[in-house]
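Residue numbers (the numbering used here): 14 to 479.
The beta-carbon is built from N, C-alpha and C at its ideal position, and this holds for glycine as well.
Report on one structure; see the data block that follows.
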């Protein structure tokens, strides 16, 4: 037994994942499999039923499922169908009896990774699982790389972050990038609405055409109509020559209307007509000019509520609300703060020619504890000031100089230890640019221990690689 499996134990260490969930209602088989896979240097967890295993598996779960075909309640194929909906690329291996070969072949056609016929050779059993783990490792690595390329591909705006809300945001943006519909962005001031709008434009079929941005709340009411729709010569006092409006300038591309809630009610009717007819009428003429644009509107307000209060046209709200993207506040994605800070300081350091001084653990904790009312914009401003002023920079952030006494009094020891551990891991990932072998050596951690801690704290080494 030991000699049969020695080739797996002696394989060079790699990024190959070794987590296996095994499901069988026969306790004796579970014991044999647990011993076999443990000797093969795999992390094995056994279950007597599929129902026990199912809640522990998620979309990017780093492992392989091995399940008996015939079990009471939920059988192997029922489990496969549920997991296949969750993650179609998750390798699932079926254990079958001699009379189940036709069922197993049908299962493979449906997407099951492989089947193993009972009674099985331990060497063959381990070999099949080993190949499935290699496939899973490659799948997750490619998936991570695709996300990273999509999120951080240069040049242009980037949607940075590793939290679930940002991953969901990236997926939604991917889905609607080339959609012909107009888009409404909702989010607090400073959360990155214009960045998302630019990202949508620069990754769409309209990227070679203009991106035109206008803040509806920053213009005097008397100028909004002329700025948006343009005017002819003599249309009003001071109109010495004809002028295109923003809609015409954006022809073929994207028009970004920020703070759409600030648009005067009388102009909302004209905007609605343009959105529906894709024609614009300059001030001072009845001529209709056809335009080909996508409109992305942004608001920090609840437009439905403003419509009910008579401050925003309900028909315009419904016209804009075809595709709505909600952008999370920074306080709802705090695990991304240090990554964003690193990104902003790197950009500022390159721009100003300054070396970036690493943050102390107290400063890191202070950033994580801050509420960020100004969201990402506030964080970017602080990062730039930090690069320019270094350790002499002072900010209106509790505990920036040192961990405050109130923090020491109110936080439980466990949470402080967790925060400290996460900060140490992230600091090492940043300094070593995601190279796990170097991080392991510096922190004195075994490979599995490091992986477990990264998973516990939601840290993805790809976010720190350059």
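- A direct Cα-to-Cα measurement between residue 116 and residue 37 gives close to 18 Å.
- For the region 276-323, the full-length alpha helix (DSSP H) segments reaching 4 residues or more read 278-290, 316-321 along the chain.
- When only Cα atoms are considered, residue 306 and residue 264 end up about 5 Å apart.
- For residue 257, same chain residues with a beta-carbon under 6 Å away, outside a window of 5 residues either side, are 243 in chain order.
- A distance below 7 Å between beta-carbons, with the five flanking residues on each side excluded, links residue 301 to the following residues of its chain, in chain order: 292, 294.
- Residue 222 and residue 261 have their C-alpha atoms some 12 Å from each other.
- Ranked by Cα distance from residue 42, the options 132, 321, 128 are led by 132.
- Excluding its 5 nearest sequence neighbours in each direction, residue 152 has C-beta neighbours in its own chain below 7 Å: 102, listed in chain order.
- When the alpha-carbon of residue 296 is set against those of 287, 364, 339, 246, the nearest one is in 246.
- For residue 347, there is no enclosing beta strand (DSSP E), since its DSSP letter is neither H nor E.
- Here the region 82-96 lies against the region 54-69, with 3 or more beta-carbon pairs under 8 Å apart.
- In the three-state scheme derived from DSSP, where H, G and I count as helix and E and B as strand, residue 128 is classed as strand.
- At the C-beta level, residue 196 and residue 183 stay beyond 8 Å of one another.
- Taking the Cα positions, residue 391 is about 7 Å away from residue 203.
- Distances from the alpha-carbon of residue 326 to those of 340, 274, 53 put 274 closest.
- Counting every other CB atom within 10 Å of its CB across the protein chains shown gives residue 402 a total below 16, marking it as exposed.
- Following the DSSP letters along the chain, one finds residue 370 in no beta strand (DSSP E), marked with neither H nor E.
- Rounded to whole angstroms, residue 32 and residue 84 show a C-alpha spacing of 22 Å.
- Counting only runs of 3+ residues, the beta strand (DSSP E) found wholly inside the region 229-277 occupies 267-271, in chain order.
- Here residue 60 is bridged, per DSSP, to 36.
- Leaving aside the five residues that flank residue 287 on each side, the residues in its chain whose CB is nearer than 7 Å to its CB run, in chain order, 260, 293.
- Inclusion of residue 129 and residue 141 in the CB contact set at 8 Å is warranted, their separation being smaller than that value.
- Nearest to residue 156 by C-alpha distance, out of 144, 180, 145, is 180.
- Residue 238 places its beta carbon 8 Å or farther from that of residue 226.
- Assignment of residue 76 by DSSP, reduced to helix, strand and coil, places it in the strand class.
- No Cβ-Cβ contact shorter than 8 Å links residue 122 with residue 77.
- For residue 229, the closest C-alpha among the options 194, 311, 389, 338 is that of 311.
- According to the DSSP assignment, residue 388 belongs to no beta strand (DSSP E) but to the alpha helix (DSSP H) extending over 388-402.
- Relative to the Cα of residue 216, the nearest Cα in the group 379, 201, 192 belongs to 192.
- Judged by DSSP in its simplified three-state form, residue 472 adopts coil rather than helix or strand.
- Sequence-distant partners of residue 476 (beyond 5 residues in either direction) whose C-beta falls short of 7 Å from its own C-beta, in its chain, are 175, 352.
- Taking a 10 Å sphere around the C-beta of residue 250, we find fewer than 16 other C-beta atoms and assign the residue as exposed.
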